[in-house]
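There are 2 protein chains.
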Amino acid sequence: MKSRPNTNPPGRKKIMASFSQLMATKDFQSITTAEIAGNAGVTEGLIYKYFTDKKDLLYQVLNQHFTAFQALIEERTATGKTCFEKLETIIFASLESYTQNRVFARILLLEVRNTPMYFESCAYSMVKKYAATILDIISRGIENKELKPDTDRFLLQKVILGAIEHACLKQVIFNRELDVTAASSGIINIVFYGVKNNECQ
Amino acid sequence: MKSRPNTNPPGRKKIMASFSQLMATKDFQSITTAEIAGNAGVTEGLIYKYFTDKKDLLYQVLNQHFTAFQALIEERTATGKTCFEKLETIIFASLESYTQNRVFARILLLEVRNTPMYFESCAYSMVKKYAATILDIISRGIENKELKPDTDRFLLQKVILGAIEHACLKQVIFNRELDVTAASSGIINIVFYGVKNNECQ
DNA sequence: CATAAAGGTAAGTAACACTTACTTACAAAG
DNA sequence: CTTTGTAAGTAAGTGTTACTTACCTTTATG
Chain W
187 MKSRPNTNPP GRKKIMASFS QLMATKDFQS ITTAEIAGNA GVTEGLIYKY
237 FTDKKDLLYQ VLNQHFTAFQ ALIEERTATG KTCFEKLETI IFASLESYTQ
287 NRVFARILLL EVRNTPMYFE SCAYSMVKKY AATILDIISR GIENKELKPD
337 TDRFLLQKVI LGAIEHACLK QVIFNRELDV TAASSGIINI VFYGVKNNEC
387 Q
Chain C
187 MKSRPNTNPP GRKKIMASFS QLMATKDFQS ITTAEIAGNA GVTEGLIYKY
237 FTDKKDLLYQ VLNQHFTAFQ ALIEERTATG KTCFEKLETI IFASLESYTQ
287 NRVFARILLL EVRNTPMYFE SCAYSMVKKY AATILDIISR GIENKELKPD
337 TDRFLLQKVI LGAIEHACLK QVIFNRELDV TAASSGIINI VFYGVKNNEC
387 Q
């Protein structure tokens, strides 16, 4: 009675790949299970051997992408020194990931949030971990006096998260190009130095 | 042959009201056309006399809410004097609307963006108008030297839009309370003055 | 080699968005 | 007062599609 190693069966991999490929050109709703199966070269029933739901398939694909993304983030932010540098790195990496992997971005920013079930999925816990990373950098920035002591950590976190999303939202939706470097340095400059003009007029 | 006035038939109104009511407790996908009709006291077929689609119904309801919202925004921003005040007003009004009208917020922030069709709807042109209002305030702020001359207007617009959204996203999703005053003044302070600590340490 | 479990298939089902063909109300024109 | 054209509303389908159930096939090991 051997407990077979948790191998990822070829059918399962094919289904996820097929689905990812379809998501590159169509939205979730208009992709049918028949289409996913046909494109993967398996039967429709097999989808439900590995995924409870069509939505579950979506979450699993998102989770797969997010796992790679989170690893990248953690690796890169380890090297940064100041709070400023770390936040710029994380913003840059986020925007870069979103623009280089439009499927990932489209799923995360446009397709999953409409279902309550998502917020109980493992994909969402990855998002929470990502958000926590940002919050942690902010907290340390306050501690070492790099940031103003009365900074609202949670609000700053939300401003940064929102800025990242909206900086690439239009580009992701309409498949346009984005200058990642300019956007990330622009965001971090606004948030750090503010936009108020202090020069004498 | 009298051209009857463009009256809004009772059936149409009942359908929109019924749908709005259902959206308060359920997500779009799990609301059925039979449910909408039953709750409205009409037959299913009538929905398709007034709306091309279930999605079209969603957009029309959103548009209705947004029209009221945009009127509010325009009325209030007229009174503000400085760029700072105007932006604070618009952020406050947005957050207030989102928290007071959760259905509107849920539709706008979570339910519509997943379909390409939305971006051709009249509801989306309202959103563009709203975003243009913010951009206009920023542009004037740069002109009259209230904002730094090298401010990236479009990026600042995105930071503000993103901040508004993320400031209330969690509250909208999980139906929690939000301190609108604290959030809006917090956002505007971060964006105007920045979070960098300039005090001598 | 028996067998148990995982990998995979094929046919079917229920639900639901949307259609079609029809009826009723009603406001003017003749 | 009748005719007529149109808008409001109904009732009974229909095709598609997500999901199920029962079944076959391969493989690995006790």
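Just so you know, the protein sequences line up as chains W and C, in that order. Each number in my numbering corresponds to the 1-based position in the first sequence with 186 added. Each number in my numbering corresponds to the 1-based position in the second sequence with 186 added. Glycine included, every Cβ here is placed at the ideal spot set by N, Cα and C. Everything numeric in this text was worked out from a predicted model, so none of it was measured.
Test item: CB-CB of residue i and residue j under 8 Å
i, j, result
"M312 of chain C", "N249 of chain C", "yes"
"A210 of chain W", "L281 of chain W", "no"
"K200 of chain C", "V228 of chain C", "yes"
"I328 of chain W", "A349 of chain W", "no"
"Q256 of chain C", "Y310 of chain C", "no"
"K382 of chain C", "N383 of chain W", "no"
"K241 of chain W", "T301 of chain W", "yes"
"T219 of chain W", "E230 of chain W", "yes"
"V289 of chain C", "S206 of chain C", "yes"
"L296 of chain W", "A279 of chain W", "no"
"M202 of chain C", "V247 of chain C", "yes"
"V377 of chain C", "V345 of chain C", "yes"
"Y245 of chain C", "S283 of chain C", "no"
Short CB-CB distance (under 8 Å) between residue i and chain C
i, result
"N383 of chain W", "yes"
"T218 of chain W", "no"
"Y316 of chain W", "no"
"P302 of chain W", "yes"
"V345 of chain W", "yes"
"M187 of chain W", "Confidence at M187 of chain W is low in this model, with a pLDDT of 35, below 50, so the placement of that residue is unreliable and no value is reported for it."
"Y284 of chain W", "no"
"I359 of chain W", "yes"
"E271 of chain W", "no"
"V247 of chain W", "no"
"G224 of chain W", "no"
"L296 of chain W", "yes"
"G231 of chain W", "no"
"Y310 of chain W", "no"
"Y379 of chain W", "yes"
Spatial neighbours of residue i in its chain, beta-carbon cut-off 7 Å, leaving aside the 5 residues before and after
i, result
"R292 of chain C", "M209, V358"
"A287 of chain W", "The question names Ala, yet the displayed sequence has Asn at residue 287 of chain W. Counting only Cβ-Cβ distances below 7 Å, and skipping sequence neighbours, we find H251."
Residue i at chain W interface by Cβ criterion, 8 Å
i, result
"A353 of chain C", "yes"
"G372 of chain C", "yes"
"R190 of chain C", "Caution applies to R190 of chain C, whose pLDDT of 46 falls short of 50 and renders its modelled position unreliable; the model cannot decide the point."
"F205 of chain C", "no"
"E332 of chain C", "yes"
"I390 of chain C", "Nothing in the structure corresponds to residue 390 of chain C, since chain C is present only between 187 and 387."
"G348 of chain C", "yes"
Residues near residue i in its chain [Cβ-Cβ closer than 8 Å; skip 5 each side]
i, result
"L347 of chain C", "A317, I320"
"G197 of chain C", "A226, V228, L232, K235, Y236"
"F340 of chain C", "L321"
"C269 of chain W", "I323, I324, R326, G327, N330, E332, L333"
"F252 of chain C", "F290, L294, A309, M312, V313, Y316"
"N361 of chain W", "R288"
Beta-carbon proximity list for residue i, same chain, < 6 Å, skipping 5 on both sides
i, result
"S204 of chain C", "I222, N225, A226"
"T275 of chain W", "R262, T263, G266"
Which parts of the region 205-278 of chain C are runs of the alpha helix (DSSP H), unbroken and 4 residues or longer, counting only runs that do not cross its ends? Entirely contained in the region 205-278 of chain C, the alpha helix (DSSP H) runs reaching 4 residues are, in chain order, 219-226, 230-236, 240-265.
Identify every run of the alpha helix (DSSP H) within the region 327-382 of chain C, keeping only runs that are complete inside it and at least 4 residues long; order them along the chain. Counting only runs of 4 or more residues that sit fully inside the region 327-382 of chain C, the alpha helix (DSSP H) segments are 339-360, 366-379, in chain order.
Only counting runs of 4 or more residues, tell me where the alpha helix (DSSP H) segments fall wholly within the region 298-330 of chain W, in order along the chain. If we require 4 residues or more, the alpha helix (DSSP H) runs fully inside the region 298-330 of chain W come out as 308-329.
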